[in-house]
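Heads up: the structure comes next, in structure tokens.
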Amino acid sequence: EGSSWYRGTADAIYENLDWLERMDPEYVLILSGDHIYSCTYNEMLAKHISSKADCTISVFPVPMEEAPRFGILVTDQNDNITQFQEKPKKPVSNLASMGIYIFTYKVLRDYLIRDAKEDTEHDFGKNIIPDMMEDKRKLIAYTYHGYWKDVGTIASLHEANMDLLCNDKTGEDIYSIFGKNRILSEDMHSAPQFIGPKADVKDSLINQGAQIYGKVNHCVISGNVLIEEGANCYNDVIMPGAVIQKGAHVENAIIGPDTLIETNSKVNVGGEEIELIVNKKAARL
């Protein structure tokens, strides 16, 4: 009561129903903000309309070991959703909801109003979709075939950054950031990257304003980062303004903005899991 925070993903839409009512839409497209993908929605909308669905969910096959992180669906041969599990401990399939929905608006409005009156988590995956399934509403799946990454965990955020350095099996960069549709976002107020005479840089992405004097291997380096001579960075994501001082050794880590890794510090050396460092002065030896 009185909170300025949305109570859940469904509540975020419910609290903006007045605006939607003024728009008077026939269909509503709902997206997640912590996913990375490149997608047009025309085909998904066309499928929603042609199938006369109440809700269409964009889905993506994920490795079975990652399936418990997602809403999991089972479909029939016509892409009708026959079963839905929200983040199950024992998933029945690996077909994951991408958190991208197209709803027929009047149907969505009715379910949001009903959910708002009940003691629920006000969440699409936990409440709205299960309620629609229980009511035998028509829900269909739209399978997405491009690049998609949910960056809701430290490991997946790191992996998404590492994908900037990778090519897929066709030899093209996964994000298409270097292709004909690349986004040019040069900062006119930043100096160019500087690679010192004794620096050793391999398989890395170095942003504007970064100064590299040490060893960098398979890293994504943001703007205005300083890596001093004698520092060693491997498989890292280093965010803007971070400083890695001389003799420091950082592996398999995400280093937060403006974080100082001090002289001769060791961060996650030999560690297999990704470590997140966000303190101003982290990892003292």
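Residue numbers (this note's numbering): 1 to 285.
Yeah, the Cβ is synthetic: ideal placement off N, Cα and C, and Gly gets one too.
Contact check, residue i vs residue j, beta carbons under 8 Å
i	j	result
H122	R22	no
M44	I129	no
T259	N232	no
S93	I113	no
Y111	D79	no
I212	I238	no
G125	D34	no
A53	I140	yes
N127	A10	yes
Y27	Y105	yes
C-alpha distance - residue i paired with residue j, whole-angstrom precision
i	j	result
T170	I206	Per-residue confidence for T170 stands at a pLDDT of 46, beneath the threshold of 50, marking its modelled position as unreliable; the derived number appears in the next sentence. If you take the alpha carbons of T170 and I206, they lie about 24 Å apart.
L165	I195	18 Å
R284	I261	Unreliable placement is indicated for R284, whose pLDDT of 38 sits below 50; the coordinate value is still reported in the next sentence. The straight-line gap from Cα to Cα measures roughly 8 Å.
Q208	C219	14 Å
H189	G223	11 Å
D18	D24	10 Å
K202	G214	11 Å
T120	D200	54 Å
A282	I36	Confidence at A282 is low in this model, with a pLDDT of 43, below 50, so the placement of that residue is unreliable and no value is reported for it.
G270	Q77	47 Å
L108	C39	23 Å
N16	A116	12 Å
E251	N264	13 Å
A210	A191	8 Å
N268	S50	52 Å
E186	D163	21 Å
K138	I81	8 Å
N217	D236	8 Å
M64	K89	11 Å
H48	W5	31 Å
L29	K136	21 Å
The alpha helix (DSSP H) enclosing residue i, as first and last residue numbers
i	result
Y14	T9 to Y14
I295	Because the chain spans 1 through 285 in this model, residue 295 falls outside it and cannot be assessed.
E154	The sequence shown places Ile at residue 154, not Glu. Looking at the DSSP string, the run of the alpha helix (DSSP H) that includes I154 is I154 to M162.
V107	Y105 to A116
E21	L17 to M23
Residue i: first and last residue of the uninterrupted beta strand (DSSP E) it sits in
i	result
I30	Y27 to I30
W148	W148 to D150
A46	Unbroken run through A46 is the alpha helix (DSSP H), N42 to S51; no beta strand (DSSP E).
D200	D200 to K202
N217	K215 to N217
D240	For clarity, residue 240 is Pro in the given sequence; the question names Asp instead. That residue, P240, is in no beta strand (DSSP E); it is neither H nor E in DSSP.
S58	C55 to P61
Q77	Neither: Q77 is in no beta strand (DSSP E) and is coded neither H nor E.
Cβ-Cβ separation, residue j to residue i (assumed contact under 8 Å), whole Å
i	j	result
Y144	V59	7 Å
I244	E228	6 Å
P91	Q83	In fact, because the Cβ distance is near 11 Å, the residues do not count as touching under 8 Å.
T56	Y147	Incorrect: roughly 20 Å between the Cβ atoms, too far for contact.
A67	A96	6 Å
K149	E159	7 Å
A253	E272	Not a contact, Cβ separation roughly 12 Å.
G247	V225	No, G247 and V225 are not in contact; Cβ-Cβ is about 17 Å, not under 8 Å.
I100	S156	17 Å between Cβ atoms; not a contact.
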